[in-house]
Each structure stands twice: as C-alpha cells, then as structure tokens.
Amino acid sequence: MDFFGAQEHARRQSRRLVWLFLLAVLAIVVALNLVVVGVLELGADPRRAAGATLFDRHGSAMVATTLLTLAVIGVAALFKVGRLRAGGAAVTRELGATLVPMDTRDPLLRRLRNVVEEVAIASGVPVPQVFVLEDEEGINAFAAGYAPGDAAVAVTRGALERLSRDELQGVIAHEFSHVLNGDMRLNIRLMGVLFGILVLAIVGREVLLRMRGGNNRNAGAILLIALGLLVIGYVGLFFGRLIKAGVSRQREYLADASAVQFTRQPDGIAGALKKIAAGSAGSKLTQHDAEEISHMLFGDGVGYSALFATHPPILDRIRRVQPGFDPRELKPLAAAMATGAVSGSNLAAARAELAIGLHGAAERPVPPPLPASGHALPLEARSVAAQVANPGRDDYLLAGTIAAAIPSALLELARGPESAPWLVLALLLDADDGLRSRQLAAIDARLGGDGARLAGEFRLRLGELHPMQVLPLAQLAFPALRRQSRGFLGRFGAALEDVVHADGQVSIREYCLMRLVAVHLGEALDPGRGRILGSLKLADCRREVMALIATLAVSGHAGREAAARAFAAGIGPMFGSDAIAFAAPDDWRAALDEAWPKLDRLNGESKQLLVEGLVRTMMHDGRVTVAESELLRTVCAALHCPLPPMLAR
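Right, here's the structure in full:
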C-alpha cells in the first residue's frame, strides 16, 4: 500500500464529496423554488401577471426559499457533524456498542483486544478503544473517529464467535487501513451531508402529518409545499446514497488489499469474507440502524441493491484477494457454520490462547529476540518511507513478541484507567535520583502527591526497558488515558512538560515522546481538529524543515562538522540545488514547538520526502542504532507518519 498516495486519494475524495454535495444542494434549491413558484402561480391573478417575469412576481419568495433551504440543510449537516465531533468512542457508543473491559476474562473479547493491540503496535499508532456489538449475529466491524488518537474499533459478537484469530486479524487490519488513510474523517462528513439532505424530507413529512384534517384557508398551499419537500428530500437522499456508494466501494477494495499486504496472508481476510457469504446471518446488522453507518462497515450491513451498495459484491472481494477461489467452497462451510462447529472451534482456540497467556496462538511463527539497543541497523531512506503505515507480516509477529516480552504487571498498569497516566509519566522519569526527585515534585505540583508517588513507584518497576518497548507501552496506555476527564488531561499535559523540563535540559528522546503523547491527547480532547491529511508543500515549510533536520543532525553526530554534513545529506535532496547553510537552532525546543503544526500539514508527497530526509540525516555516520530508530519512529508518529517496530528488513 502506498500510504502517501492513499492519503492524497482520500483528500481528492473529500474535495469531490464537497462538490457533489454542493451540486446536490443546488439541485434541491432549484427544485424547491419551482415548487414554491408553482404553488404561488396557482393562486395568482393572471391579469396582474401580464408582462412580468417570474422573478418580478415571486422574487422575494424565491430568495426566502433559497435562504431557508440553505439554512436548513447547512444547520442540519453541521448539527450532525457537531454531534459526531465528540470522537470515535462517542460515535460507537451512539450506535449501541459496548466498551470491552480491560480486565475481561471472556476469551473471545480477550483475543479481540490482543489482536487490536498487536495491530496497533505493528502499525505504530496508539491503541484505539475497543467495542463490541453484543447482540449482532452477523459478521461485521467498523472504525470511527477523526484521527488515530481518536479512533475506536467495534466488532460484532457474531464476528468474534465465527472468525478464527487470523480471520479476525484480517478484519482488524482492514479497519486499521481506514484509520491510517484518513477514511474515518471522510466517513463522518458523509454522515453529516446525508443527514442535511434527509432533514428536508423529515420536515415535509412532519408538516403533512400535522396538517392532516386542518381547515386553514392556506392549508392547500402548505400541503403542496410540504409534499414537495418530502419528495425532493427523498430524491436528494436517493442521489446522496448514490454518492455515498460510489465513494465507498473503491475504498473497500483498497482496504482489503491493505489488509492482505499487512498480514501477508490473504487466507485471513478471505476466510472472513467467505464466512459472510456462507453464513445465514451474513454481515447484516439487525439490532441497530445500519443505514447511517453502512459506508463505515466491513461488510454490507443493510442489504442494498447494487445501485446503492456501499460495498462491492462479496464474491468479487474474495476473488480479488484469493484469485483461485471456487464458490463451491461455500457449501461445506455453510453446513459447518449451521451446526455450530465453527463457533465451538473458535471458542476452544480462544480459551487455549487465554490459558497460554501469550499474544497469539502457540502455533504462530516466533520471530527472533529483540536486538540489543546499541545494535546498528542498515536503513535505506526510500525503504523506510515505504514502510510508513505499511507494516508487514514480520512487524505483526514482532509486535506480538514486544507485547509478550513486556512484564504482565506493566501491561496491567498500562491498561488500567487508574494507573495508565502515572505509567506514562514514569516513562519520562530520569534514572538519576536527584533529577527524578525534581521531576516528581513537578508532578506533585500539577497532579497531587498520590500521583507523584505512583509515578515514582512505577519508574522502579520499569527497570531497564528495551528501547523498542517504550513506545508500545505508551501506545497500550492510551485507551485508558483517553478515558480521563478533560480537566485531568489538561493538567496531565502540563505535567508532562514540567517533567521534561525539570533538569533545565531536554533530551531529544524525552521531548519527542512528550510531543507524541501531546499530539494524541490533543486529538482525544478535540477530535474534530485531528487530521492526517495536509496540503502544504516543502517550499511552504522551509524554515520548519531546517529546524527539524538540524536538531536531529546535532543530536546524532559528534561535532559541528559531522552535524553539518548530516544536515546537508538530509536536506539537499529535498530542496535540490537551492543550497541551505547549516545552522543549529539556538533554542531547538522552541523551534520545534513552532514547526510541528506546520510540518503536520504537509501533503503526502512532501511528507514522504521529509521522512526520507530524516533517515538520510540519521544514517550519515553509517549507522542507526535501535535506540535511534525508535527516536525516528517517535518523530514520524508525531507527524502522523507511523512506522512499524523493525525498520530494517
């Protein structure tokens, strides 16, 4: 999957949606004006109409109709999007999903949580909140939210019971592709657009119901206008659903292909699609209103005809990921699903996984142990850029190894709402006793003595974490951290800054980890502002690019001359012959504080060049250690360019 190309495609789709929406609104305005003018003409005096144009006779009514129509559609769409602005978890709860408890002992829910955590670690994004639609027997899932820091993933109980671990992983990987590509933001806009059009039909229907039997002398005209609203609203909805279907279908093909590329095993997602095709429940949602979110689902949750279908035909999807598929395979699978053998087998396997206590089944391949922190990695700029939001099967396996290697006590701390904030702060505490005391005093001042005590205790439990476990541990803590109150999260963000600045000196590792947590906290606090798509070019961010490249050059190379050469190696290919003199920022932290927001708004091509430049800068001395590669992953994640755990292939 070309992540940067997919981002640009999503941005073009978003612009296309806006234009189609504007055309639909224009058509609705014209149609309603025709209805109003027609009604007024029925009661007009022909003698007074002689020689006057329609606008002369009914101009004020046409202007009022246009303004009122635009206001109703606009306010309704904004109202709907505003309700969804609370974020992925709010959208998911509104649809009746239940949050999966962190301490669940249900083997199927535990398997789901483990798979989601592994996919998140392998993708380099924070773990989303995980939900289940308990009373849905169909096999389905969806992701909601504006950005990775705001994401939520929901799966039906039918999917948990009928899908194997590899099949479930394929479905989750499919949903993560929507998270990474910016599809979720487009999905929410689609919901708002369609509601804005539908509200006209709702208004017309309500007026018709309330006017029934009325004796008002203007009742006839009002009824005709209400009937026009009803008809035009539903006609608009008809075309709105066509727009939604057209935008959605191609994205589903892309997400299927991304899931295959991610897992490197097409049998996983193909197996899930086959069970949808063979099962009596299919992917239908029967207990929830699926029409509004039909374009967000893994499978068709409504059962629309081909004209309105938001998903390609199920057999076509299977053939795309498994070209040798024979539809006759579905008959024995349907028989096995009908007897309950499939559900029983999956439950038994999930119980076995729970008993083993590992992230994954016992038969999964075991990757080699984590490399030493000082181990040099052979990186290549274009290869690393191609890995952005594009993990492979080895990354998935490594993610399981990383999670399994983290002591269970730390995993429980990361998942607990009462402990996760203090664990994140503990990750930034220094090994030096004197400095750590000042950091704990800063936490005490912001969050109280109990918090400082817990952070200190958790720092001792961390011991010597492997560098490749620090970022995943923060990712695992994010769902629990996101459940805190807004007031607490505001104080928590301030405490993070105080901890990093307690010694008067900020290491680049501390700063970037703090920045990453701050980015995702910002998305959680104000989901509507979260974005992973931008439109700026490198030329628009020249000063900001220089600040970031120069800071990394200084931090990774001894001496000014070596840093200057590393800077030139990184920045030269980005700006060509337009040479830029090396100058380390006097206050690199202030320079980066100013640079992050603008760099995050770069378009896909520019971000790709920036990632390549970062790698060239860090590789100029001929080696990148595991610890330095983790710094690179943290920097890129803060720019919404998530990288998998192992950058060297």
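Using my numbering, you'd call the opening residue of the sequence shown number 33 and step up by one each time. Each residue gets a CB set at the ideal place from its N, CA and C atoms; glycine is no exception. Model, not experiment: these values are computed from the prediction.
In the displayed model, LEU459 falls within coil according to three-state DSSP, outside both helix and strand. Inter-residue distance for PRO345 and GLU412 is about 40 Å (C-alpha atoms, whole angstroms). Under the DSSP definition of a beta bridge, GLN537 lacks any partner.
The continuous alpha helix (DSSP H) containing LEU492 extends over residues 481-494. Taking a C-beta distance under 9 Å as the contact criterion, THR433 and LEU548 do not qualify as a contact pair. The residues ALA152, PRO180, GLY181, GLN507, PHE510, HIS552, in chain order, have a CB closer than 7 Å to that of PRO158 in the same chain once the five nearest residues on each side in sequence are set aside. In the structure shown, LEU409 falls within a strand segment according to DSSP collapsed to helix, strand and coil. For ALA109 and LEU230, the gap between their C-alpha atoms comes out near 10 Å. In this structure, GLY202 sits near ALA302, with a CB-CB distance shorter than 9 Å. Given a length threshold of 4 residues, each whole run of the alpha helix (DSSP H) inside the segment 577-607 is given here in chain order: 592-607.
Taking 8 Å as the upper bound for CB-CB distance, GLY333 and LEU317 are in contact here, some 4 Å apart.
Shown here, PHE53 sits in a helix according to DSSP, grouped into three states. Here the C-alpha atom of ALA613 lies approximately 12 Å from the C-alpha atom of PHE607. Contact between LEU144 and LEU200 holds, with the beta-carbon distance rounding to 7 Å and staying under 8 Å. Three or more pairs of CB atoms, one per stretch, sit closer than 8 Å, so the segment 566-580 contacts the segment 632-640. With fewer than three CB-CB distances shorter than 8 Å, the segment 648-660 does not count as touching the segment 520-540. Rounded to the nearest angstrom, the Cβ distance from ALA191 to ALA173 is 6 Å, consistent with a contact under 8 Å. Annotation: HIS498 to LEU459 spans about 12 Å, alpha carbon to alpha carbon. Rounded to whole angstroms, ALA291 and SER209 show a C-alpha spacing of 7 Å. With a cut-off of 8 Å on Cβ pairs, the segment 481-496 is not in contact with the segment 412-425, counting fewer than three such pairs. Contact annotation: GLY119 and TYR178 have beta-carbon atoms nearer than 9 Å. With contacts defined by Cβ atoms closer than 9 Å, GLU149 and ALA431 form a contacting pair. The beta-carbon distance between VAL353 and PRO423, rounded to whole angstroms, is 18 Å. This is too long to meet the 8 Å contact definition. Here the segment 122-137 makes no contact with the segment 89-102; the two share fewer than three CB pairs at distances below 8 Å.
Shown here, LEU634 sits in a strand according to DSSP, grouped into three states. Remark: C-beta atoms of PRO676 and ASP427 approach each other more closely than 9 Å.
Within the segment 272-353, complete alpha helix (DSSP H) segments of at least 4 residues are found at 298-310, 346-353, given in chain order. Bounds of any beta strand (DSSP E) do not take in GLN201; it lies within the alpha helix (DSSP H) bounded by 197-213.
Considering only PRO453, LEU256, ARG383, LEU232, the residue with the shortest C-alpha distance to ALA487 is PRO453. Three or more Cβ pairs closer than 8 Å define a contact, and the segment 516-524 falls short of that threshold against the segment 467-476. In this structure, SER312 sits near ALA370, with a CB-CB distance shorter than 9 Å. Put simply, of ALA176, ILE105, ARG491 the residue whose alpha carbon is nearest the alpha carbon of ALA556 is ALA176. Nearest C-alpha to ALA512 among GLY448, GLY495, LEU409, GLU542: GLY448. DSSP, read as helix, strand or coil, puts THR124 in helix. In summary, SER517 is exposed, with fewer than 16 beta-carbon neighbours lying within 10 Å of its beta-carbon over all protein chains present. Secondary structure at LEU664: helix, using DSSP grouped into helix, strand and coil.
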